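K.L.:
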Amino acid sequence: MIALLAIGAGGFIGGAARYLLSVWPGGRLGTWLANTVACALLGAAVLVSGPMYALVAVGCAGALSTWSTLAAEIGGLLVERRWLRAAGYTIATIVAGWTALMVLVSALT
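Heads up: the sequence shown runs through residues 1 to 109, numbered per UniProt numbering.
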């Protein structure tokens with residue numbers, strides 16, 4: 001039961017943050033920031049367990065990350081035949097997420 005409450009609390013925090021990022025700065029930058037921060041949170045979550053893991057990884061990072069929006073944005077760029085922008089956005093998202101995760105794991109261990 002505690003894990004479910006932790007997931008709910010984390011989901012509220014992550015969902016609220018995701019909404020704020022969709023308003024400001026909005027667009028692809030908001031999506032990129034949300035996914036990058038979610039990856040960093042997952043980096044921190046590897047160091048905790050139990051309810052704290054549920055709160056950070058499942059709740060907060062799960063609600064904050066937005067891979068479906070990322071796919072839609074990349075798909076939109078491809079439909080517009082903006083191949084380089086689509087490739088750059090995809091690569092920037094993957095590199096930023098991986099870097100955020102690794103930096104936080106390295107800093108905390």
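From the three backbone atoms N, C-alpha and C, an ideal C-beta is built for every residue, glycine too.
None of the values given here were measured: they were computed from a predicted structure.
Given I7, which residues of its chain have a CB within under 6 Å of its CB, disregarding the five upstream and five downstream residues?
P.N.:
Looking up residue 7 in the sequence shown gives position 7. Hits under 6 Å: A54, V58 and G59.
K.L.:
With a threshold of 16 other CB atoms inside 10 Å of the CB of T109, please say whether the residue is buried or exposed.
P.N.:
Walking along the sequence shown from the start, residue 109 turns up at place 109. With fewer than 16 Cβ atoms within 10 Å of its Cβ, T109 is classed as exposed.
K.L.:
From I2 to G11, what distance separates their C-alpha atoms?
P.N.:
One-based indexing of the sequence shown puts residue 2 at position 2. One-based indexing of the sequence shown puts residue 11 at position 11. About 14 Å.
K.L.:
Leaving out five residues before and five after L104 in sequence, what residues of the same chain have Cβ atoms less than 7 Å from its Cβ?
P.N.:
Position 104 of the sequence shown, counting from 1, holds the residue named residue 104. Cβ neighbours of L104 beyond the five flanking positions: A40, G43 and A44.
K.L.:
Tell me which residue opens and which closes the alpha helix (DSSP H) that S49 is part of.
P.N.:
Within the sequence shown, numbered from 1, the residue matching residue 49 stands at position 49. Unbroken run through S49: none, as it is neither H nor E.
K.L.:
Can you tell me the Cα-Cα spacing of I74 and L5, whole angstroms?
P.N.:
What you label residue 74 is simply residue 74 of the sequence shown in a count that begins at 1. What you label residue 5 is simply residue 5 of the sequence shown in a count that begins at 1. Looking at the two C-alpha atoms, the distance is approximately 34 Å.
K.L.:
Can you give me the C-alpha to C-alpha distance between G76 and A96, rounded to a whole angstrom?
P.N.:
Taking the sequence shown and counting its residues from 1, the one referred to as residue 76 is at position 76. Taking the sequence shown and counting its residues from 1, the one referred to as residue 96 is at position 96. Each residue's Cα considered, the two are about 21 Å apart.
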